[in-house]
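K.L.:
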Amino acid sequence: MRAWVVGRPGSMASGPLELVEREAPEPGPGEVLVKVEACGVCRTDLHLAEGDLEPRRPRTTPGHQVVGRVVATGERVGVAWLRSTCGTCRYCLRGMENLCPQSTYTGWDADGGYAEYVAAPADYVYPLPGDRPAEELAPLLCAGIIGYRALARCDLPPGGRLGIYGFGASAHLTAQAAIAQGAVVHAVSRSAASRELALELGAASAGDRPPEPLDAAILFAPVGDLVPPALEALDRGGTLAVAGIHLTDIPALNYERHLFQERTLRSVTANTRADGRAYLELALAHPPRVTTAPYPFEEAGRALSDLAADRVNGAAVLIMG
Ligand SMILES: [Zn+2]
Ligand SMILES: [Zn+2]
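Start counting the sequence shown at 5; every next residue gets the next number (my numbering).
Printed below as a string of structure tokens:
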């Protein structure tokens, strides 16, 4: 089969992705082999290609938003980021398997979906309907699920004012979930196209800064410099949740300006399968408008370069020919 691998991690200009011919994976015990129809492109894939995240094994195929069919049964499934957990540690036992120290991840600990086939543990794939375009389902699998967890983690009160910093794939789905719950959403983004998208999706404002104090905020941009102003823009008691797996360093905070009045700064770490099931149930019952930028499989490098340069509006998705 054809597969993309991360050769030598480095800036996209250095060409870290290589297209190779390799054997299709042999599913291990408890695993299914999935023929890939489409794979969403996530910023985490970019962090792995560029070396912001340490590779866990050499020449790994990225991609963790896979829509495809189980070869043995024909069932349509989604393969997402969380690949396995131990099931027995204190975190797993208290329903926080996202914090399992033994957890493994698709496209990091094992080959992912930038390939014609992927193998994945059956207990960690999600059933998907057969009649929806793969391109529109793929972004739900990480952008959607992680955004859903971030929305839960930012403790937005009913009808509250939510700030969304960085308006890419995950933000555009999260904004719709929040607005459906009655939130007032303010998008903060540098990109004119994504500001326009935010307003089209029902955001109350889109600009350089929120026009009113916020009850909660989610930082999707991987930019630590945004943490102090985002904390400062919170109202008393507000929470800022950092959604990404990687963030550049956060500058020094001033207690009174940034944290006092019981403002909270917290991270979002992957997701549980319960998050995944809950979000997909919601998103399949009330489908969000999924804005996609499709790329042929052969152009994975261009997709990641465009993401690195903020040229993607909505969610980039690789489509198998
Ligand atoms: Zn992701
Ligand atoms: Zn565990």
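Beta carbons are placed, not taken as given, at the ideal position from N, Cα and C, and that holds for glycine.
1) What residues match up with residue 190 in a beta bridge as DSSP calls it?
2) I'd like to know if the segment 89-97 and the segment 61-71 are in contact, where contact means that at least 3 CB-CB pairs between them fall below 8 Å.
3) Just to confirm the assignment, what range does the alpha helix (DSSP H) spanning residue 96 have?
4) Compare the Cα-Cα distances from residue 263 to each of 231, 321, 283 and report the closest residue.
5) Would you tell me roughly how many angstroms separate the C-alpha atoms of residue 19 and residue 305, rounded to the nearest one?
6) So, is residue 174 buried or exposed, given that buried needs 16 or more other C-beta atoms within 10 angstroms?
7) Give me the Cα-Cα distance between residue 261 and residue 323, rounded to the nearest whole angstrom.
8) Since residue 201 and residue 171 are thought to touch, with beta carbons under 8 Å apart, how far apart are those beta carbons, to the nearest angstrom?
9) How long is the line joining the alpha carbons of residue 158 and residue 189, rounded to whole angstroms?
10) Using the three-state DSSP reduction, which class does residue 229 fall into: helix, strand or coil?
11) Please report the distance separating the alpha-carbon of residue 222 from that of residue 104.
12) Would you say the beta carbon of residue 48 is closer than 7 Å to some non-hydrogen atom of ligand 1?
13) Tell me whether residue 107 is buried or exposed, calling it buried when 16 or more other Cβ atoms sit within 10 Å of its Cβ.
14) When DSSP builds the beta bridges, which residues end up paired with residue 158?
15) Hey, how far is the Cα of residue 7 from the Cα of residue 153?
16) Comparing C-alpha positions only, which one of 277, 254, 283 sits nearest to residue 270?
17) Go ahead and label residue 15 buried or exposed: buried means 16 or more other beta carbons lie within 10 angstroms of its beta carbon, across all protein chains shown.
18) Classify residue 99 as buried or exposed, calling it buried when 16 or more other Cβ atoms lie within 10 Å of its own Cβ.
19) Is residue 95 near ligand 2, in the sense that its beta carbon is under 7 Å from a heavy atom of that ligand?
20) Does the beta-carbon of residue 85, which I'm using as the reference point, lie nearer than 7 Å to any heavy atom of ligand 1?
21) If I measure Cβ to Cβ from residue 267 and keep anything under 8 Å in the same chain, skipping five residues before and after, which residues do I get?
P.N.:
Result, derived from the coordinates:
1) The partner list for residue 190 (beta bridge, DSSP) reads 167, 209.
2) no
3) 94-97
4) The residue with the shortest Cα to Cα distance from residue 263 is 231.
5) 8 Å
6) buried
7) 46 Å
8) About 7 Å separates the Cβ atoms of residue 201 and residue 171, confirming a contact at the 8 Å cut-off.
9) Distance between the alpha carbons of residue 158 and residue 189 is about 13 Å.
10) helix
11) Each residue's alpha carbon lies about 23 Å from the other.
12) yes
13) buried
14) None; residue 158 has no bridge partner.
15) 30 Å
16) When only C-alpha atoms are compared, the closest one is 254.
17) Exposed, by the Cβ-count rule.
18) exposed
19) Indeed, a heavy atom of ligand 2 lies less than 7 Å from the Cβ.
20) yes
21) Closer than 8 Å at the Cβ level, and outside the excluded window around residue 267, lie 235, 238, 240, 241, 242, 243, 244.
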